[in-house]
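Chains as they are written, first to last, in my numbering: chain A, 1 to 21; chain B, 1001 to 1126.
All C-beta atoms in this analysis are idealised placements derived from N, C-alpha and C, irrespective of residue type, glycine included.
Note that the coordinates shown come from a computational prediction; the quantities given were computed from them, not determined experimentally.
Rendered as structure tokens:
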């Protein structure tokens, strides 16, 4: 990753599985 | 070149795995501790515990769908460690610290053992 500009994304990354259907 | 690092991705994945566990979706093993049963995912157990890593990388044992732990293991201590595996939160109650630590030793969760040692040391008034 040297030389790669890393941008931090602080929001949710994936969907959230619900507790129950 | 650019790369986007989603800083909460690991915890989002773990949260979803815990939701799957609580709904018993794709859980593939029952852990028997005395008379109590705990459903879990083998992959999560082996990612967190040296003992489970050894069991599930053994070609004779990896297909077992139930594993009985040593009867000396305290189910309450095991429940706390299983919760830790799926949440990254370790509940250290003073009344249970010895059984949590002994269970962590048995499960070969060395970093948790170290944490329990530090907790005991910090709560010892002498």
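Start and end residues, alpha helix (DSSP H) containing residue i
i: residue 1002(B); result: Premise fails: residue 1002(B) lies in the beta strand (DSSP E), 1002-1006, not in any alpha helix (DSSP H).
i: residue 1017(B); result: 1009-1022
i: residue 1103(B); result: 1097-1106
i: residue 1121(B); result: 1110-1123
For residue i, the first and last residue of its enclosing beta strand (DSSP E)
i: residue 1057(B); result: It is not in any beta strand (DSSP E) - residue 1057(B) carries neither H nor E in the DSSP assignment.
i: residue 5(A); result: 5-9
i: residue 1029(B); result: 1029-1033
i: residue 1068(B); result: 1066-1068
Residues that residue i contacts on chain D, provided the C-beta gap is smaller than 9 Å
i: residue 16(A); result: Given the protein chain composition of this structure (A and B), no chain D is represented.
Local conformation of residue i per DSSP, three classes
i: residue 1088(B); result: coil
i: residue 1042(B); result: helix
Option in the options with minimal Cα separation from residue i
i: residue 1087(B); options: 1001(B), 1121(B), 1110(B) and 1048(B); result: 1048(B)
i: residue 1017(B); options: 1001(B), 1041(B), 1031(B) and 1007(B); result: 1041(B)
i: residue 1070(B); options: 1063(B), 1035(B) and 1091(B); result: 1035(B)
i: residue 1096(B); options: 1032(B), 1068(B) and 1077(B); result: 1077(B)
i: residue 1072(B); options: 1101(B), 1022(B) and 1057(B); result: 1101(B)
i: residue 1121(B); options: 1094(B), 1106(B), 1014(B) and 1109(B); result: 1094(B)
i: residue 1091(B); options: 1022(B), 1116(B) and 1107(B); result: 1116(B)
i: residue 1029(B); options: 1014(B), 1019(B) and 1062(B); result: 1062(B)
i: residue 1104(B); options: 1124(B), 1050(B), 1027(B) and 1031(B); result: 1050(B)
Worksheet entry | Under 8 Å (Cβ pairs) to chain A, residues found in the stretch 1009-1039 of chain B | Within the stretch 1009-1039 of chain B, the qualifying residues are 1009, 1012, 1013, 1015, 1016, 1019, 1020, 1022 and 1023.
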